[in-house]
């Protein structure tokens with residue numbers, strides 16, 4: 002028996018929404034291995050979350066779309082409100098909250114134009130790609146909301162701006178225990194050329 006596992010990682014040539022359908026298809030394919038019971042998906046407008054809900058509707062997998070807090074770009078938009086109704090009908094558990102890797106620190110940055118440790122951490126995670134940071138962030142938010150547990154592996158789907166381009170198998174952590182978080186597998190991600198400063 003080998004003490005290693007060979008797995009394929011799909012690398013998208015560019016980051017962005019155009020990768021959404023392929024990323025969702027890869028997520029569904031990974032779920033077929035049978036060891037995933039929950040999928041956390043970053044979904045500010047609800048569109049990507051709804052794609053994942055529909056793609057997994059004939060399974061027992063729980064889909065957890067995660068959106069932004071009140072006062073954000075999509076909060077209260079007709080698009081999001083319609084999608085939230087569809088989430089409820091499907092049994093998906095929608096989480097809306099403060100981004101785990103910004104929150105109050107974003108207000109400090111805006112007021113005093115200074116970076117705090119959480120922003121530095123977020124930029125460090127962006128070294129892999131934006132979806133890497135966002136996937137970790139929304140999974141922490143789902144853990145803080147009680148939707149996923151540090152005792153399980155879940156699939157997370159995230160992207161760069163809108164849509165999805167990154168899929169990972171992760172072990173969640175609560176925000177208060179952030180450094181217990183683990184990225185177990187990368188299913189797909191875009192090829193990237195580093196962190197854009199001030200991206201937060």
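Numbering (the working numbering), first residue to last: 2 to 201.
Cβ coordinates follow ideal geometry from the N, Cα and C atoms, glycine included.
For residue j and residue i, the rounded distance between their alpha carbons
i: residue 87; j: residue 36; result: 26 angstroms
i: residue 29; j: residue 20; result: 14 angstroms
i: residue 18; j: residue 129; result: 17 angstroms
i: residue 180; j: residue 172; result: 11 angstroms
i: residue 162; j: residue 2; result: 42 angstroms
i: residue 1; j: residue 116; result: The structure shown has nothing for residue 1, since the chain only spans 2 to 201.
i: residue 201; j: residue 67; result: In this prediction, residue 201 scores a pLDDT of 43, lower than 50, which makes its location untrustworthy; no coordinate-derived value is stated.
i: residue 23; j: residue 13; result: 9 angstroms
i: residue 188; j: residue 169; result: 5 angstroms
i: residue 91; j: residue 10; result: 30 angstroms
i: residue 44; j: residue 110; result: 24 angstroms
i: residue 85; j: residue 95; result: 7 angstroms
Range covered by the alpha helix (DSSP H) that runs through residue i
i: residue 28; result: 21-32
i: residue 56; result: 48-56
One or two residues paired with residue i in a DSSP bridge
i: residue 12; result: 190
i: residue 157; result: 41, 169
Range covered by the beta strand (DSSP E) that runs through residue i
i: residue 39; result: 39-43
i: residue 66; result: 63-69
Test: residue i CB closer than 8 angstroms to a CB of chain D
i: residue 112; result: Reference to chain D is not applicable here, since this structure consists of a single protein chain.
- Task: Would you mind listing the beta strand (DSSP E) stretches within the stretch 161-187 that are 3+ residues and don't spill past its ends, in chain order?
- Result: 167-172
- Any chance the stretch 36-48 sits against the stretch 57-72, with 3 or more Cβ pairs inside 8 angstroms? yes
- Message: Threshold first: 3 residues or longer. Then list the beta strand (DSSP E) segments lying entirely within the stretch 89-145, N to C.
- Response: 96-98
- Message: Does the contact criterion of 3 or more C-beta pairs under 8 angstroms hold for the stretch 146-160 versus the stretch 42-50?
- Response: yes
- Message: Whether or not the stretch 108-122 and the stretch 72-85 are in contact is what I'm after, with contact meaning three or more pairs of Cβ atoms, one per stretch, closer than 8 angstroms; do they touch?
- Response: no
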